[in-house]
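>
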DNA sequence: TCTGGGGTCCTAGGACCC
DNA sequence: TCTGGGGTCCTAGGACCC
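Residue numbers (my numbering): 283 to 717.
Right, dumping it as structure tokens:
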């Protein structure tokens, strides 16, 4: 048996904890560069603002509908997330943190009334950190996901699709009298099932598969042939056959990336070199945080694909490192060499990124014959000192020279017009309580 | 005028091997 | 006119997730 705990409209809820005046109002949180909506309050959803709606399409609604738009504050959300996860871990013996706002809890061997436990946990999360969440319980991860979807939909739109008794906490293995699993599955569009995206939805539709119940009753081998093993697994999971294990030990990452769209298009090489240096440094830092090293560095640049009238350009290149490395200097150098190889003048570059590939555990050391004393120098202590300084005095205190001077000298940084303070992670931003 | 970032997995096809 | 079988590895592209 699994539970899925998921913060409702998580980013919006985090903002509301520190600005209660946002309660009851339509609120959207925007992606980096204030590009599009990545979280919406229930009121914003009711206005028809969809996930991923470009901000320029919402803008007109701001004044008359009273929509509040905020820039994403990932530092705040990350900190609130660790608090949520710590509390949610109390629900059962195993936890898989699946994303910033949701985790699976393994419930095997839990005594007592699981539904009551879940209800109490939900209250505790709300009381301790102010985040409303939905909890779904099911015999497989896919069913727990579906139960969670039901819990949230039934709360937001009581009796629209599901009985309001299923709101907030929903256990598909113990439905209330007069409500069957088949009814719940039949009320759920196939598109709302975990693992069924827009493309598959359209293809399944053509085969007459429209609801989760249709999917659960479909012939698994046929679906495997037509759509592959993932869809087959989803079908089996919907029937209660556990195919996806709980991963309470996160598997090591296979790649680490830092990619950004620019606040304004970039036409010249110099700012691109600054940006790529900055992204490569950030990626190298993440690499060291998880004690891994990279063997290859991919760098890419491209124009804005939405601007059809612009001349389009997109290229990437993968640069091998001489040996697996977590050294910022080596990684930045490789990224800059790659950039020079793919750079062409005459385009409005919209986005660039650095992706570190072929990651290896930092504990694994490949012995080799040293022929070149310069490259043999051990960068470990230097990187450790760099990370300590930046941790103590703030990110960017010490950085590679090629990333530029920072501040206003950087023309390419992203737009964040409405970012809220880092209430929980920065002394200067600490909220003040007034009597 | 304005459209995010960071991941994972699967599959098909080509190169190459014996 | 006739032209094997069975592998592995790599890459690009597609699909999905939040």
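The beta-carbon is built from N, C-alpha and C at its ideal position, and this holds for glycine as well.
Who are the Cβ neighbours of residue 248 in its own chain at under 6 angstroms, not counting the five residues just before and after it?
No statement about residue 248 is possible, as the shown extent of the chain runs from 283 to 717 and does not include it.
> Note down the Cα distance separating residue 583 from residue 530, rounded to an integer number of angstroms.
Taking the straight line joining both Cα atoms gives about 36 angstroms.
> Grouping DSSP H, G and I as helix and E and B as strand, with all else coil, what is residue 403?
DSSP places residue 403 in helix when its eight states are reduced to three.
> Do residue 575 and residue 641 count as a contact pair if the criterion is CB distance below 8 angstroms?
Yes. Within cutoff.
> Cα separation between residue 431 and residue 610?
Their backbone Cα atoms lie some 42 angstroms apart in a straight line.
> Looking at the strands, I want to know which residues DSSP matches up with residue 640.
None; residue 640 has no bridge partner.
> Measuring only the C-alpha atoms, how far is residue 578 from residue 700?
In a straight line, the C-alpha of residue 578 is about 37 angstroms away from that of residue 700.
> What three-state label does DSSP hand residue 540 in the structure shown?
Reduced to three states, the DSSP call for residue 540 is strand.
> Do the region 444-458 and the region 422-431 make contact, defined as three or more Cβ pairs closer than 8 angstroms?
A contact exists between the region 444-458 and the region 422-431.
> Whose C-beta lies closer than 6 angstroms to the C-beta of residue 486 among residues of the same chain, with five residues either side of it excluded?
So the list reads 472, once near-sequence residues are dropped.
> When we look at the beta-carbon of residue 675 and count the other beta-carbons within 10 Å, is it buried (16 or more) or exposed?
Looking at its Cβ environment, which holds fewer than 16 other Cβ atoms inside 10 Å, residue 675 is exposed.
> Cα separation between residue 525 and residue 443?
Cα to Cα, residue 525 sits roughly 28 angstroms from residue 443.
> According to DSSP, simplified to helix, strand and coil, what is residue 431?
DSSP places residue 431 in helix when its eight states are reduced to three.
> Only counting runs of 3 or more residues, tell me where the beta strand (DSSP E) segments fall wholly within the region 507-585, in order along the chain.
DSSP runs (the beta strand (DSSP E)) wholly in the region 507-585: 538-548 and 574-585.
> Does the count of Cβ pairs from the region 387-397 and the region 347-363 closer than 8 angstroms reach three?
Cβ pair count under 8 angstroms is below three, so no.
> Helix, strand or coil for residue 236, going by three-state DSSP, please let me know.
A query on residue 236 cannot be resolved here, the shown segment of the chain reaching from 283 to 717 and no further.
> From residue 335 to residue 413, what distance separates their C-alpha atoms?
Going by the C-alpha atoms only, they are around 24 angstroms apart.
> Among 627, 368, 378 and 463, which has the Cα closest to the Cα of residue 533?
Out of 627, 368, 378 and 463, 378 has the C-alpha closest to the C-alpha of residue 533.
> Nearest CA to the CA of residue 520: which residue from 483, 629 and 476?
Out of 483, 629 and 476, 476 has the C-alpha closest to the C-alpha of residue 520.
> Do you know offhand how far residue 694's Cα is from residue 545's?
Taking the straight line from one Cα to the other gives about 6 angstroms.
> To which residues of the same chain is residue 447 closer than 7 angstroms at the C-beta, ignoring the five residues directly before and after it?
Hits under 7 angstroms: 458.
> Which residue's Cα is closest to the Cα of residue 558: 370, 613 and 627?
With distances taken between Cα atoms, residue 558 lies closest to 613.
> Suppose you measure from the CA of residue 383 to the CA of residue 464; what does that come to, to the nearest Å?
Roughly 28 angstroms between the two C-alpha positions.
> Quick test of the definition: if touching needs 3 or more C-beta pairs under 8 angstroms, does the region 665-681 touch the region 315-327?
Not touching, per the Cβ criterion.
> Sorted by chain position, which residues of the same chain lie with C-beta nearer than 7 angstroms to residue 420's C-beta, five sequence neighbours on each side aside?
Answer for residue 420: 284, 426, 428, 429, 454 and 455, listed in chain order.
> Using alpha carbons as the reference points, say which of 405, 692, 329 and 638 lies closest to residue 536.
It is 638 whose Cα lies nearest to the Cα of residue 536.
> How should residue 470 be labelled, buried or exposed, when 16 other C-beta atoms within 10 angstroms of its C-beta is the threshold for buried?
Per the 10 Å Cβ criterion, buried.
> Identify whether residue 286 lies in helix, strand or coil by the three-state DSSP scheme.
The answer is strand: DSSP assigns residue 286 an E or B state.
> Assuming contact is defined by CB atoms lying nearer than 8 angstroms, are residue 365 and residue 411 in contact in what I supplied?
Their beta carbons are under 8 angstroms apart, which means residue 365 touches residue 411 by this criterion.
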